[in-house]
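Okay, structure first, notes after.
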Amino acid sequence: MVTRVLAVWVVAAALAACDMGPKSAAGFRLPDGDAERGRESFVGLGCHSCHGVEGVDIPEPLTAGPVRITLGGDVIRIKTYGELVSSVINPSHRIAPYAGPDAVTEEGESVMRVYNEVMTVQQLIDLVAFLQSHYRVVPPEYTYPRYGY
Ligand code: HEC
Numbered sequence: 028m029v030t031r032v033l034a035v036w037v038v039a040a041a042l043a044a045c046d047m048g049p050k051s052a053a054g055f056r057l058p059d060g061d062a063e064r065g066r067e068s069f070v071g072l073g074c075h076s077c078h079g080v081e082g083v084d085i086p087e088p089l090t091a092g093p094v095r096i097t098l099g100g101d102v103i104r105i106k107t108y109g110e111l112v113s114s115v116i117n118p119s120h121r122i123a124p125y126a127g128p129d130a131v132t133e134e135g136e137s138v139m140r141v142y143n144e145v146m147t148v149q150q151l152i153d154l155v156a157f158l159q160s161h162y163r164v165v166p167p168e169y170t171y172p173r174y175g176y
């Protein structure tokens with residue numbers, strides 16, 4: 028059992044080491060954003076046409092987008108800013124697992140608008156601060172994976 032656990036750690040460490048290639052996110056660090064300004068950008072950029080944010084009063088969009096996905100709320104682990112930044116600037120990189128069929132095109136791309144030509148870096152930083160402050164980590168009920176050794 029102990030050797031098995033050890034083997035898992037060795038493999039995990041090796042995989043983490045592979046992550047240090049030129050595309051690794053190691054060393055990536057955002058300056059602190061302003062959550063209130065993030066909320067303003069959220070509305071200003073029209074994110075609210077497709078998203079609500081759990082527990083936040085956000086005005087109704089002028090035109091509703093093709094999906095309605097609520098961001099924030101209970102998650103089982105912290106949403107890192109790496110994940111949030113990737114979701115915003117590279118939406119098709121990983122499709123949110125709970126998103127329904129309306130969230131993707133026939134080619135499997137996210138229907139989320141790509142803002143890279145219009146969003147400032149400051150807006151991105153503030154949006155991440157805003158969104159991150161509305162995720163709450165709730166540990167799952169079990170504390171150990173049930174693999175049934
Ligand atoms: C046209 C609709 C649309 C607009 C506008 C839109 N999104 Fe999305 N968004 C989606 C869809 C669909 C998904 C789920 C598929 C995916 O993961 O890309 C998504 C996913 C996300 C996720 C990942 C959620 C998760 O749990 O992994 C984040 C974060 C997000 N959007 C933030 C934003 C922000 C910030 C804006 C504004 C700058 C925005 N979105 C604008 C449609 C939209």
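Note that the numbering used here numbers the sequence shown so that position 34 is 61, with each residue one more than the last. Here a beta-carbon is modelled for each residue, glycine too, at the ideal position from N, C-alpha and C.
Margin query: Suppose the cutoff is 7 Å on Cβ atoms and the five residues either side in sequence are ignored; what does the same chain contact list for V112 look like?
Written below: L151 and V155
Item checked: Boundaries (first-last residue) of the alpha helix (DSSP H) holding V115 -> In the DSSP annotation of this structure, the continuous segment of the alpha helix (DSSP H) that includes V115 starts and ends at Y108 to I116.
Next item on the list: Starting from the Cα of R64, find the closest Cα among P167, V165 and S160 and give me that residue.
Entry: The residue with the shortest Cα to Cα distance from R64 is S160.
Check: Mind checking whether the beta-carbon of S137 lies closer than 7 Å to any heavy atom of the ligand HEC?
Finding: yes
Check: How many Å lie between G92 and P86 at the Cα?
Finding: 14 Å
Check: For T97, which beta-bridge partners are listed by DSSP?
Finding: Beta-bridge partners assigned by DSSP to T97: G79.
Next item on the list: Just the C-alpha distance for G82 and F69, rounded to the nearest angstrom, thanks.
Entry: Distance from the CA of G82 to the CA of F69, rounded to the nearest whole angstrom, comes to 15 Å.
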